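**Q** The structure's right below; bear with me while I get my questions together.
Protein chains in written order, with my numbering: chain Y, 1 to 517; chain S, 1001 to 1517.
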């Protein structure tokens, strides 16, 4: 058995059976090992940003990591933007990066670069494997680290000689994640004191594990009993929502709107959440979304047991464990009338999306009414561009579809962002995934036109327009999709869009709809 | 005047009038400043790897830098692979990366990451601008650094507040590059002693400036007079070659072939070159391409005056400055007969390429006979994938065409690599560039099949085949190109290929030929 075999075996022992890959020569021994491990599903991406984004989408749905396989520093570099999103989402992910054999680094061959330096900003943990005998321990640690602290990007640098040399070290079975640390009684008391004394001026700010449906039930009971409000943090990886679940409002991204929403609050209690901040900064505007009069207390942090914290708060407040809560009723908006617009697309999707749909939202400025419109849709998951690095939508949908083959994935995708990782469409075709991509074809970085005005820089002139508008030529998304083997149709009316969505839902293959708005 | 204006002005003063950009919110003040500077040509790329690769191609041709404009850490990340190639090519490049305003970093907003750490491995120089008043000095330094040491990737991190705040510092005009340092007499003597005593066992290994046509004339005289051989190093950025120029063989990439070529040599004299190394390492094979009996001496290094070194060597050897040298004769191979194959494509291009064509070579394994076939073509430039990070061809061609609007650019492009940065085709259409892209459509990472065998891992099984073959579905390059506004035709015969090349040459617009082999 060589080091590559040992790595495969350890990943499989750790429950990782899916690898999103774009290998090169330095990874060939690992590729050969994969041939000996038919249990490992290999998914080829034609660009590394697809591999990392798909691994993110996969793990957001299954709550266990996939592996990636990337080629040296440049291959890692291509995957970094979506690793950034995965890191911000605290997605468990074992990111395997091949490197030259240790003895070859001295020659400074053309592809040599500092892989660890590149990996560090987008990883929670980085380790370079020393040699073949180091593989079982290092690989087990990478699996364990990926599941620690609420989810982590664990990057394992795998030199070619550690892959090809014989491994005589004993196998190591990765430990299952330990039980989540409980939140201290001191912090529970801090929270419940605030709730008792300030009641309706308290906000429970929920993120990650505290946003799971069962945690939201507890939060809703606490709010109902104390007059507090529950809100979701701004940037979320995944939200399970829709009819039959406890609804939750999200704090809006614009910092003024966030502050307005929190204006009445005296205390913000963070439960696996971060306080609102401006996505960007603007001259003369505040960077924090927290009003100055508002105290912020971290009650549970990433990797702690947020559910237990909410349970302990409810117990401490003496709340009846059977206290009724209000669940979201089924309420579809109905098909829109009038011309096709961004809002009309969102409304159409909200009206037609099936039960257990997975919505991947990279609609950017076009999706501003998405949460409101889909609030009463059948139960569904929504995955977000939480880290701000555009080009996540198509890969995320790809990974989610591989994770959940029995569910329909609907990717709401801005056109400018779609271009970053359009290669994902090929993987959708290769793997025959049930992904319906709706391109909001507005032929511009529409958000940036708004931002140009917002930073006080006025309207776009000639140079700026050439940088913000995707025209001359316009993109033909049907051809782009068809070129990668994905069926595609362009629509410019609500009726045609609705018909296409229904056709696409009736199949199990990838389908792209270019919605021209 | 704000900091963004000051940056524009300083770049323009430094001779930088082209900016390959994909901006975001944090760059909006710079975008607004570009509106006030119509002299700055802004070229939009729909993915950052296109921007960095195009800036590389531009500067390889004009020997002066372009600027890039990238959006925060993730935007930089997307551009890193081609920055790696530019760094390896020692291309002068001013890489401008926006960042959050300095006061906003404390909030750890979603897009925040360690930009400097990401930039370092792929940059020769990194500087973060402190504030608006720091802009003129920092920008001038970035221009100067980009032109230092034989060409450098100079990364300038530009916080949003440094862009929007008023700049009251005086303008700074970047210094022109100083005269190149001369090579010491000691090293010249070392070289000429070797040439005198070992004559035909000496290799002049030429790279970068020592490969320029006028330098090759000197090297040819030295070789003719002493019996030495001249060779080009393995990885080159640009080679001016063809009829009327001094021909030069390139050391092959496979390390065994490199060693065989150098087997007779006792001394290798490096002139702005690096000694041959294995592109990758293989079990039990040497990493260096230099035979053990061979002494390697660095005569001139990057940023030193290689031409002067060769001149001094010739003078020291008493070589007649008018000693005749043999120039390459015009000799086209003629159109091939038989089926379309990788070699047949190369031969067809060699037969039809016009004078002063710029050939961008990312044909990978399909281009193995390119140098041989085109040796006697009319004078042309050839730009190479020198750093090994695939996805350079289409962007490089884009930048070269912007640099040289009167010349035809022919991009010889492997299909797997083309997918990495296919968004470049849109920029070619937008800018109406005379780029002819020939896709070697073999529907696989063909090189990797060879490499799988070469590392001793045998033939591809099921998992490996799924990672190495780009089939099920095949890519339709015509649709991909047309989707981005580029005219395209697929061919599967030599005749059709030749006809298409001639049609494409007769126009001035981008054209893609999918050559199915």
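We treat Cβ as the ideally placed atom computed from N, Cα and C, and that holds for glycine.
On a predicted model such as this, the values are computed, not experimentally measured, just so you know.
On the three-pair Cβ rule with 8 Å, is the region 258-268 of chain Y touching the region 339-352 of chain Y?
**A** In short, these stretches do not touch, since the Cβ pair count stays below three.
**Q** For the alpha helix (DSSP H) that contains residue 1185/S, what are its first and last residues?
**A** From DSSP, the alpha helix (DSSP H) with residue 1185/S extends over 1185-1198.
**Q** Evaluate residue 1366/S with the Cβ neighbour count: other Cβ atoms within 10 Å of its Cβ, from every protein chain shown; 16 or more gives buried, anything less gives exposed.
**A** Buried is the call here.
**Q** By how many angstroms is the C-alpha of residue 1431/S removed from the C-alpha of residue 1437/S?
**A** Using only the alpha carbons, I get a separation of about 15 Å.
**Q** Could you pull out every unbroken alpha helix (DSSP H) segment of at least 4 residues lying fully inside the region 192-280 of chain Y, listed in chain order?
**A** Entirely contained in the region 192-280 of chain Y, the alpha helix (DSSP H) runs reaching 4 residues are, in chain order, 213-226, 255-261.
**Q** Go ahead and pull the three-state DSSP assignment for residue 1486/S.
**A** In this structure, residue 1486/S counts as coil in the three-state DSSP scheme.
**Q** Which partner residues does residue 1441/S have in the DSSP bridge list?
**A** Paired residues: 1516/S.
**Q** Return the CA-CA distance between residue 304/Y and residue 1422/S, expressed in angstroms with no decimal places.
**A** If you take the alpha carbons of residue 304/Y and residue 1422/S, they lie about 44 Å apart.
**Q** Which runs of the beta strand (DSSP E) fall wholly inside the region 1046-1106 of chain S and span at least 3 residues, in chain order?
**A** Runs of the beta strand (DSSP E) inside the region 1046-1106 of chain S: 1066-1071, 1093-1099.
**Q** Under DSSP, the beta strand (DSSP E) around residue 382/Y begins and ends at which residues?
**A** First-last of the beta strand (DSSP E) with residue 382/Y: 380-384.
**Q** Cα separation between residue 1477/S and residue 397/Y?
**A** Answer to the nearest angstrom: the Cα atoms are 24 Å apart.
**Q** On a Cα-Cα basis, can you pick out the residue from 1274/S, 1343/S, 1242/S that is closest to residue 1207/S?
**A** Nearest C-alpha to residue 1207/S: 1274/S.
**Q** Spell out whether any CB of chain Y is found under 8 Å from the CB atom of residue 1021/S.
**A** It does; some Cβ of chain Y falls within 8 Å.
**Q** What would DSSP say about residue 121/Y, mapped onto helix, strand or coil?
**A** Helix at residue 121/Y.
**Q** Counting only C-beta atoms, is residue 435/Y closer than 8 Å to chain S at any point?
**A** For residue 435/Y, the answer is no, since every Cβ of chain S falls outside 8 Å of its Cβ.
**Q** Mind the definition here: the region 48-66 of chain Y touches the region 2-9 of chain Y only if three or more C-beta pairs lie below 8 Å; say whether that holds.
**A** Touching, no.
**Q** Report the rounded CA-to-CA distance for residue 224/Y versus residue 246/Y, giving the unit in angstroms.
**A** If you take the alpha carbons of residue 224/Y and residue 246/Y, they lie about 12 Å apart.
**Q** I want to verify the contact list: residues of chain S whose CB lies under 8 Å from the CB of residue 114/Y, in sequence order.
**A** Under the 8 Å cutoff, chain S gives 1120, 1121.
**Q** DSSP puts residue 1369/S in a beta bridge; with which residues?
**A** According to DSSP, residue 1369/S bridges with nothing at all.
**Q** Would you mind telling me which residues of chain Y sit closer than 7 Å to residue 1042/S, beta carbon to beta carbon, in chain order?
**A** The contacting residues are 463, 466, 467.
**Q** Check whether chain Y comes within 8 Å of residue 1525/S, counting only Cβ atoms and requiring the distance to be less than that.
**A** Coverage of chain S is limited to positions 1001 through 1517, which leaves residue 1525/S absent and any answer about it impossible.
**Q** Nearest-angstrom Cα distance between residue 515/Y and residue 491/Y?
**A** Roughly 5 Å separates the two Cα atoms.
**Q** Taking the alpha-carbon positions, what's the residue 1106/S to residue 36/Y distance?
**A** Roughly 49 Å separates the two Cα atoms.
**Q** Could you list the residues in the region 1234-1245 of chain S with a C-beta less than 9 Å from some C-beta on chain Y, going in chain order?
**A** The residues in question are 1234, 1235.
**Q** Roughly how many whole angstroms lie between the Cα atoms of residue 1407/S and residue 1356/S?
**A** Cα to Cα, residue 1407/S sits roughly 6 Å from residue 1356/S.
**Q** What does the Cβ neighbour count give for residue 1495/S, buried or exposed, with the cut at 16 atoms within 10 Å?
**A** Label assigned to residue 1495/S: exposed.
**Q** From residue 18/Y to residue 94/Y, what distance separates their C-alpha atoms?
**A** For residue 18/Y and residue 94/Y, the distance between alpha carbons rounds to 11 Å.
**Q** What residues of chain S sit near residue 458/Y, judged by a beta carbon separation below 8 Å?
**A** Simply 1032.
**Q** Can you give me the C-alpha to C-alpha distance between residue 1151/S and residue 56/Y, rounded to a whole angstrom?
**A** Computed Cα separation, rounded: 38 Å.
**Q** What residues of chain S sit near residue 452/Y, judged by a beta carbon separation below 8 Å?
**A** The contacting residues are 1028, 1031, 1032.
**Q** Quick one: any contact between the region 298-316 of chain Y and the region 218-233 of chain Y, if contact means 3 or more CB pairs under 8 Å?
**A** These segments touch.
**Q** Give me the residue from 1108/S, 1127/S, 1109/S with the minimum Cα distance to residue 1116/S.
**A** Ranking 1108/S, 1127/S, 1109/S by Cα distance to residue 1116/S puts 1127/S first.
**Q** So, is the C-beta of residue 1025/S closer than 8 Å to a C-beta in chain Y?
**A** At least one chain Y Cβ lies under 8 Å of residue 1025/S.
**Q** Suppose you measure from the CA of residue 534/Y to the CA of residue 249/Y; what does that come to, to the nearest Å?
**A** The question about residue 534/Y has no answer here: the residues shown for chain Y are numbered 1 through 517.
**Q** Near residue 441/Y, what residues of its chain come up, given a Cβ to Cβ distance below 7 Å and the 5 sequence neighbours on each side ignored?
**A** 415, 477, 514, 515, 516, 517, listed in sequence order.
**Q** For a cutoff of 8 Å on Cβ pairs, would you count residue 383/Y as touching chain S?
**A** Closer than 8 Å: no.
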